[in-house]
Amino acid sequence: MISSTYLDMSQLSVAIVENNPFFRRILRSLLSGFGVRTIHEAAGTEDGWKLLEEHRPDVLIVDWNLGGEDGTALLEKVRRCSDTELAATRFIFVSAHSDRRHVLLGAKLGANDFIVKPLSARVLYERIRRLILSQSAYVRRNGRLEIVERPPARSAHPEPAPGAGAAALPSEVIVLDEMMRSIVQI
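Take the sequence shown: its position 177, counted from the start at 1, is 177 in UniProt numbering, and no numbers get skipped.
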């Protein structure tokens, strides 16, 4: 469902952990098109963790399969972190695996969302929008996944969508979505 409001994402900080440089560029382009100015990148779980500790992004987008590494290891490390702010980082898995087992495992480990590749600009935009406005977060304490309250992302600024229709989206997202569809068809 497309919202009638969109967010000013210019102050949002997003980190991408993806071993495929081509897909990292696609994600970076989409995020830039959404207005995100602060985008960090890592190719593996170790660099992803360092990036998270150093930059503390609002949203972490992680590929499930990181070329020999597994994005679930990073998710588990994030959720078990003693620093509650880091442990509550919004976490989106992207994966070519669309089977129920992967989706359920991601949810069980505390992923906030799961997007199947190839992703669309609309889906990515809406999932990020929903996450940064959400006031609940997952944190693992004493071996159990708990939901904790948190304020919306400090950089989330809802604004009425131009044209204020139920399907209104920033024109940049619509154009990016069409570009992604044409790339996937090639």
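The beta carbon of each residue, even a glycine, is placed where N, CA and C say it ideally should be.
**OP:** Write down the C-beta distance between Ser13 and Asp58 rounded to the nearest angstrom, noting that I regard them as a contact closer than 8 Å.
**Re:** Here the question's residue 13 lines up with position 13 in the sequence shown. Here the question's residue 58 lines up with position 58 in the sequence shown. The Cβ separation is near 5 Å, so the contact holds.
Original post:
Are Arg130 and Ile115 touching if we call contact CB-CB under 9 Å?
Top reply: Here residue 130 is taken as the residue at index 130 of the sequence shown, counted from 1. Here residue 115 is taken as the residue at index 115 of the sequence shown, counted from 1. The answer is no: Cβ separation not under 9 Å.
Original post:
For the putative contact between Phe91 and Ala107, defined by C-beta atoms under 8 Å, what is the C-beta separation to the nearest angstrom?
Top reply: Within the sequence shown, numbered from 1, the residue matching residue 91 stands at position 91. Within the sequence shown, numbered from 1, the residue matching residue 107 stands at position 107. Incorrect: roughly 11 Å between the Cβ atoms, too far for contact.
Original post:
Does DSSP classify Ala164 as helix, strand or coil?
Top reply: As a first step, residue 164 is located in the sequence shown; it is residue number 164 there, counting from the start. Low confidence applies to Ala164: its pLDDT is 38, below 50, so where it sits in the model is not reliable, and the reading given next is rough at best. Coil.
Original post:
Roughly how many angstroms separate the alpha carbons of Ser10 and Ile39, rounded to a whole number?
Top reply: For the purposes of this step, residue 10 is identified with residue 10 of the sequence shown, where counting begins at 1. For the purposes of this step, residue 39 is identified with residue 39 of the sequence shown, where counting begins at 1. Distance between the alpha carbons of Ser10 and Ile39: 11 Å.
Original post:
Per DSSP, what kind of secondary structure is Arg130 in: helix, strand or coil?
Top reply: As a first step, residue 130 is located in the sequence shown; it is residue number 130 there, counting from the start. In this structure, Arg130 counts as helix in the three-state DSSP scheme.
Original post:
Leu124 bridges to which residues according to DSSP?
Top reply: Taking the sequence shown and counting its residues from 1, one reaches residue 124 at position 124. Looking at the DSSP assignment, Leu124 forms no beta bridge with any residue, so it has no partner.
Original post:
When you compare only the Cα positions, how much space is there between Ala88 and His55?
Top reply: By one-based count along the sequence shown, residue 88 stands at place 88. By one-based count along the sequence shown, residue 55 stands at place 55. Each residue's Cα considered, the two are about 14 Å apart.
Original post:
Thinking C-alpha only, which one of Asp8, Leu31 and Leu7 is nearest Thr16?
Top reply: In the sequence shown, the residue the question calls residue 16 occupies position 16. Looking at the sequence itself, residue 16 is Ile, so the reference to Thr does not match. The shortest Cα separation from Ile16 among Asp8, Leu31 and Leu7 belongs to Leu31.
Original post:
For Leu75, which option in Gly68, Leu27, Glu46 and Asp99 has the closest C-alpha, if you only look at C-alpha atoms?
Top reply: The residue given as residue 75 occupies position 75 in the sequence shown. The shortest C-alpha separation from Leu75 is found at Glu46.
Original post:
What separation, rounded to the nearest whole angstrom, lies between the Cα atoms of Leu27 and Gly33?
Top reply: One-based indexing of the sequence shown puts residue 27 at position 27. One-based indexing of the sequence shown puts residue 33 at position 33. The alpha-carbon atoms of Leu27 and Gly33 are separated by roughly 10 Å.
Original post:
Would you report the Cα separation of Leu105 and Asn65, rounded to the nearest angstrom?
Top reply: In the sequence shown, residue 105 corresponds to position 105, counting from 1. In the sequence shown, residue 65 corresponds to position 65, counting from 1. The alpha-carbon atoms of Leu105 and Asn65 are separated by roughly 14 Å.
Original post:
Would the beta-carbon of Phe93 fall within 9 Å of that of Asp63?
Top reply: One-based indexing of the sequence shown puts residue 93 at position 93. One-based indexing of the sequence shown puts residue 63 at position 63. Going by C-beta atoms, Phe93 is nearer than 9 Å to Asp63.
Original post:
What do you get for Gly71, buried or exposed, if any count of 16 or more other CB atoms within 10 angstroms of its CB means buried?
Top reply: The residue you call residue 71 lines up with position 71 of the sequence shown. Under this definition Gly71 is a buried residue.
**OP:** Look at the alpha carbon of Pro160 and the alpha carbon of Leu133, and state the distance between them as a whole number of angstroms.
**Re:** Translated into positions along the sequence shown, residue 160 becomes position 160. Translated into positions along the sequence shown, residue 133 becomes position 133. Residue confidence is low: Pro160 scores 45 on pLDDT, short of 50, so the model does not pin down where it sits. No coordinate-derived value is stated.
Original post:
Shorter than 9 Å from the beta carbon of Ala87 to some beta carbon of chain B?
Top reply: Absence of chain B from the displayed structure is noted, only one protein chain being present.
Subject >> Closest Cα partner of Arg80 within the set Asp99, Leu109, Glu69 and Val36 >> reply: Here residue 80 refers to the residue found at position 80 of the sequence shown. Here the closest residue by C-alpha is Leu109.
**OP:** Would you kindly work out how many angstroms separate the C-alpha atoms of Leu60 and Leu51, rounded to a whole number?
**Re:** Position 60 of the sequence shown, counted from the start, is the residue given in the question as residue 60. Position 51 of the sequence shown, counted from the start, is the residue given in the question as residue 51. Roughly 10 Å separates the two Cα atoms.
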